[in-house]
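**Q** Protein sequence lines correspond, in order, to chains R and V.
Residue numbering for the first sequence follows my numbering, beginning at 62 and increasing consecutively.
Residue numbering for the second sequence follows my numbering, beginning at 62 and increasing consecutively.
Just so you know, even glycine gets a beta-carbon here, dropped at the ideal spot from N, CA and C.
Encoded as structure tokens, here's the structure I'll be asking about.
Number of protein chains: 2
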Amino acid sequence: MGTANGVADLRGGIDLGGTKIEAIVVNADNKVLGSARHPTPISGSPADVAKEMAAAMGEAAKAAGTTPNALKGVGVGSPGAINAANGTVASARNLPGWDGSFELGPTLSEQLGTPVFLGNDVQVGIDAEFELGAGRPYHSLIGVFWGTGVGGGLILDGKLWKGRGGAGEIGHMVVERGGRKCPCGNKGCLEAYAGRAAMEARARAKIKDGHKSDLIKIMEHKGRERFTSAIWAAAVEQGDDLAVKLIDEAVVALGVGIASAMNLLDVPAVLIGGGLGVRFGEPYVEKIKAEMADHLFPGHQPPDVHLVGLGDLGGALGAALLARG
Amino acid sequence: MGTANGVADLRGGIDLGGTKIEAIVVNADNKVLGSARHPTPISGSPADVAKEMAAAMGEAAKAAGTTPNALKGVGVGSPGAINAANGTVASARNLPGWDGSFELGPTLSEQLGTPVFLGNDVQVGIDAEFELGAGRPYHSLIGVFWGTGVGGGLILDGKLWKGRGGAGEIGHMVVERGGRKCPCGNKGCLEAYAGRAAMEARARAKIKDGHKSDLIKIMEHKGRERFTSAIWAAAVEQGDDLAVKLIDEAVVALGVGIASAMNLLDVPAVLIGGGLGVRFGEPYVEKIKAEMADHLFPGHQPPDVHLVGLGDLGGALGAALLARG
């Protein structure tokens with residue numbers, strides 16, 4: 062055991078996303094002492110991603126006045142199928158060459174010289190909000206990450222509910238039987254209407270069909286190749302019809318899906334986060350809440366609905382929580 | 062404390078339904094030693110219902126060779142809003158004159174001369190299946206009662222998940238955004254497609270519009286005033302087009318709604334019960350399972366799907382479990 066402010070109490074957290082790697086070092090009070098952000102490699106192998114993660118962690122540690130091997134441990138929030146026991150990540154399809162399984166834990170642990178703990182990216186993000194963010198007043202809650210996909214997580218009676226490992230797929234609750242095709246292959250999922258990837262695919266198809274929209278112009282102006290959350294927000298801001306229509310449809314679908322989850326679980330709170338959630342912020346949290354109202358079971362008390370409190374850092378903070386051991 | 066087989070170890074259980082009151086006496090091993098079934102009063106006040114419940118319990122006790130005041134306690138599974146602490150039941154709208162709140166616990170306790178414990182009818186039914194029925198092999202499960210309405214209950218990590226008291230409203234998960242009107246007042250709920258009451262209303266409207274169906278003839282032949290589960294089963298059995306169509310729609314909606322719940326919770330098992338569930342049995346459990354397959358999240362392992370194991374007695378057995386104190 063180190064002293065209360067000793068280096069042995071410092072922990073690292075890495076949020077491994079499809080576009081960026083966010084690394085932080087926190088103290089025992091979960092205060093961020095150093096951070097670094099690297100773009101996620103878009104080609105190469107899982108080993109290249111691991112190397113980039115180690116580099117980001119090294120920088121974050123340096124900014125905190127320490128080195129990775131002096132940390133108590135490093136937690137990682139990762140997409141894909143996590144096996145926390147043996148440190149593997151499989152089928153992380155948004156990451157380069159990562160269709161199979163890779164020993165991310167052992168690899169990173171060797172490079173950093175400290176134990177590494179893996180968790181599901183969405184689940185650690187929810188855990189961070191529950192312990193440190195907007196979820197602190199509640200004992201149970203539903204977290205919804207409205208971003209490229211629509212992820213979710215459940216805190217039930219103070220604990221992350223994982224089911225058989227994959228619980229929280231609120232984005233794949235059905236909002237319309239026989240409805241729009243979802244990236245997951247099913248039909249009518251919430252994510253088919255509200256996921257940024259699905260919305261972009263639909264917008265591009267509509268534009269190709271001759272619908273007018275400034276989405277592509279805004280994207281090119283910003284030098285991007287995808288419709289990021291900022292691009293959707295800018296398009297809606299300037300009243301772009303197609304963007305407004307698709308975002309409105311997303312809000313309706315979120316209201317329906319979240320209300321369905323509430324009717325099943327009857328928890329006191331819903332947190333809205335994710336790239337689009339954070340970007341669109343409070344006014345859209347209110348819009349989602351209004352849509353939910355039509356579908357909440359009349360016998361239930363409506364839940365509180367909040368924006369997440371930790372913004373972009375939630376993932377890395379939640380990862381650092383894993384390293385408490 | 063009584064001896065292992067002493068009368069002090071006997072408990073009572075009452076399942077208070079909209080059409081019948083089922084009372085049982087069980088021993089410490091939950092073996093049924095006596096039972097009685099009375100029709101639920103269709104007019105009068107909550108006090109009249111309580112009197113009928115006490116009479117049924119008296120008969121069940123007599124059949125078990127004892128008297129109610131010798132029982133360790135009596136559990137009651139009730140519809141409506143239960144306050145277990147003060148023994149009140151409110152808004153039990155299927156029961157006569159029960160729009161307000163009534164002190165069912167104290168009233169019954171005085172008449173029976175033994176403590177009375179109240180629980181939600183669906184929740185105690187699920188608890189019975191979990192402890193004594195088809196749910197025994199599992200630590201977590203979703204129970205679906207396909208009957209007049211579509212009720213549900215969740216066992217998570219060995220415990221009934223109640224949320225803020227009303228969890229498990231799987232029947233009010235949305236299967237079709239903007240869809241059919243539900244008895245709850247919302248649109249597109251699972252129950253709007255699969256609840257017996259909603260199906261009967263739709264069938265009668267279709268028949269009034271000139272659709273051919275033998276449902277009413279079968280009902281009259283059986284001397285009933287409602288389309289009971291037996292009537293639906295008989296109509297489907299003889300290939301009645303309207304009945305087949307409505308039951309098929311119900312199966313699809315159940316598949317969609319249950320899959321949505323699974324994607325959120327990722328539990329290993331689903332139990333199907335309720336009047337229609339028990340009546341249609343295994344072949345329809347398989348049909349529901351097949352419909353679920355189209356909507357389960359591709360990354361998840363499909364759950365086991367079973368018919369409930371305790372049949373009609375589940376509610377009373379679950380009620381008796383409440384009286385363990």
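1. Between the C-alpha atoms of methionine 62(R) and threonine 175(R), what's the straight-line distance to the nearest angstrom?
2. Along chain R, in chain order, which residues have C-beta atoms closer than 7 Å to that of histidine 356(V)?
3. Give, in chain order, every residue of the stretch 319 to 334 of chain V whose Cβ lies closer than 8 Å to some Cβ of chain R.
4. Strictly under 9 Å for the Cβ-Cβ distance: is histidine 361(R) near chain V by that measure?
5. Using only alpha-carbon positions, find the residue among Ser170(R), Pro140(R) and Gly196(R) that is nearest to glycine 334(R).
6. How about the stretch 111 to 128 of chain V and the stretch 142 to 160 of chain V: do they share at least three Cβ pairs that are nearer than 8 Å?
7. For asparagine 130(V), count neighbouring Cβ atoms within 10 angstroms of its own Cβ and tell me buried if that reaches 16, exposed if not.
8. When the Cα atoms are used, what is the spatial distance from valine 369(V) to alanine 111(V)?
9. Give the secondary structure of valine 328(V) by DSSP, where H, G and I count as helix, E and B as strand, and everything else as coil.
10. Could you tell me which residues DSSP puts in a beta bridge with cysteine 250(R)?
11. CA-CA distance, alanine 115(V) and leucine 169(V)?
12. Are the CB atoms of glycine 213(V) and glutamate 230(V) nearer to each other than 9 Å?
13. Taking 9 Å as the CB-CB limit, is tryptophan 222(R) close to chain V?
14. Below 7 Å on C-beta distance, what does leucine 217(V) contact in chain R?
15. Measuring only between beta-carbons, confirm whether alanine 84(R) sits less than 9 Å from chain V.
16. Kindly indicate which three-state DSSP category histidine 367(R) falls into: helix, strand or coil?
17. Should valine 317(V) be flagged as near chain R, meaning a C-beta pair shorter than 9 Å?
18. Round the Cβ separation of aspartate 309(R) and aspartate 275(R) to the nearest angstrom and send it over; I've been treating them as touching at under 8 Å.
19. Strictly below 8 Å CB to CB, what residues from chain V border arginine 238(R)?
20. Taking 9 Å as the CB-CB limit, is alanine 142(R) close to chain V?
21. Suppose you measure from the CA of valine 150(R) to the CA of serine 162(R); what does that come to, to the nearest Å?
22. Between the stretch 319 to 330 of chain V and the stretch 225 to 240 of chain V, are three or more C-beta pairs nearer than 8 Å?
23. Tell me, which residues are paired with histidine 99(R) by DSSP?
24. Measure the Cβ-Cβ separation of isoleucine 187(R) and tyrosine 199(R) and say whether it is below 9 Å.
25. At least one CB of chain V closer than 9 Å to the CB of isoleucine 308(R): is that the case?
26. Is it the case that the Cβ atoms of leucine 332(R) and glutamate 113(R) are separated by a distance below 9 Å?
27. What does a CB cutoff of less than 6 Å around glutamine 172(V) pick up in its chain, not counting 5 residues either side in sequence?
28. Alpha carbons only, please: which of Gln184(V), Leu374(V) and Asp70(V) is nearest the one belonging to lysine 133(V)?
29. Distance, Cα to Cα, alanine 384(R) vs histidine 99(R)?
30. Is any beta-carbon of chain R found at less than 9 Å from that of arginine 257(V)?
31. Given 8 Å as the limit, tell me if lysine 306(R) has its C-beta closer than that to any heavy atom belonging to the ligand MG.
32. By the criterion of Cβ-Cβ separation under 7 Å, what are the contact partners of glutamate 230(V) in chain R?
33. With a threshold of 6 Å on Cβ separation, who are the neighbours of valine 211(V) within its own chain once the five nearest residues in sequence on each side are excluded?
34. Pop quiz: glycine 136(R) and arginine 72(R) are said to be a contact at Cβ under 8 Å. What is the actual Cβ separation, rounded to whole angstroms?
35. Under a Cβ-count criterion, where at least 16 other Cβ atoms within 10 Å of its own Cβ denotes burial, should glycine 246(R) be classed as buried or exposed?
36. Can you find a C-beta in chain R that's less than 9 Å from the C-beta of arginine 225(V)?
**A** With the given structure in hand:
1. Residue placement at methionine 62(R) is flagged as unreliable, the pLDDT there being 41, under the threshold of 50; a coordinate-derived value is accordingly withheld.
2. Near histidine 356(V) (Cβ distances below 7 Å), the residues of chain R are Val235 and Asn247.
3. For the stretch 319 to 334 of chain V, the beta-carbon criterion of a distance under 8 Å to any beta-carbon of chain R is satisfied by Ala320, Ser321, Ala322, Asn324, Leu325, Leu326, Asp327, Val328 and Pro329.
4. With 9 Å as the cut-off, histidine 361(R) counts as an interface residue toward chain V.
5. Nearest option by C-alpha distance: Gly196(R).
6. Counting Cβ pairs under 8 Å, fewer than three are found: no touch.
7. For asparagine 130(V), the number of other beta carbons within 10 angstroms of its own is below 16, and it is reported as exposed.
8. A direct Cα-Cα distance of roughly 28 Å separates valine 369(V) from alanine 111(V).
9. The three-state reading of DSSP puts valine 328(V) in coil, since its state is none of H, G, I, E or B.
10. Beta-bridge annotation (DSSP): cysteine 250(R) is paired with Val235(R).
11. Taking the CA atoms as reference points, alanine 115(V) sits about 7 Å from leucine 169(V).
12. Taking 9 Å as the Cβ cut-off, glycine 213(V) and glutamate 230(V) qualify as a contacting pair.
13. Tryptophan 222(R) counts as touching chain V.
14. For leucine 217(V), the chain R residues whose Cβ falls inside 7 Å of its Cβ are Leu217 and Trp222, in order along the chain.
15. Judged by the 9 Å Cβ criterion, alanine 84(R) is not in contact with chain V.
16. Histidine 367(R) falls in the strand class under three-state DSSP.
17. Closer than 9 Å: yes.
18. Not quite, the Cβ-Cβ distance comes to about 17 Å (not below 8 Å), so this is no contact.
19. Under the 8 Å cutoff, chain V gives Val236, Glu237, Gly240, Val313, Ala314 and Val317.
20. For alanine 142(R), the answer is yes, since a Cβ of chain V falls inside 9 Å of its Cβ.
21. The alpha-carbon atoms of valine 150(R) and serine 162(R) are separated by roughly 6 Å.
22. As far as the Cβ criterion goes, the stretch 319 to 330 of chain V touches the stretch 225 to 240 of chain V, which means the pair count is three or higher.
23. DSSP output for histidine 99(R) lists Ile82(R) as bridge partner(s).
24. No, the Cβ-Cβ distance between isoleucine 187(R) and tyrosine 199(R) is not below 9 Å.
25. Chain V contact via Cβ: absent.
26. Result no, Cβ atoms of leucine 332(R) and glutamate 113(R) do not sit closer than 9 Å.
27. Here glutamine 172(V) has Ala115 as same chain residues with Cβ atoms under 6 Å from its own Cβ, once five neighbours each way along the sequence are excluded.
28. Checking every option, the nearest Cα to that of lysine 133(V) belongs to Asp70(V).
29. Distance between the alpha carbons of alanine 384(R) and histidine 99(R): 21 Å.
30. Judged by the 9 Å Cβ criterion, arginine 257(V) is not in contact with chain R.
31. As for the ligand MG, it is missing from this structure, which has no ligand bound.
32. Within 7 Å of the CB of glutamate 230(V), the CB atoms of chain R belong to Asn324, Leu325 and Phe358, in sequence order along the chain.
33. Result list for valine 211(V): Gly232, Leu251, Glu252, Ala255 and Gly256, in chain order.
34. Rounded to whole angstroms, the Cβ separation of glycine 136(R) and arginine 72(R) is 7 Å, and the two are in contact under 8 Å.
35. Exposed is the call here.
36. Yes, its Cβ sits closer than 9 Å to a Cβ of chain R.
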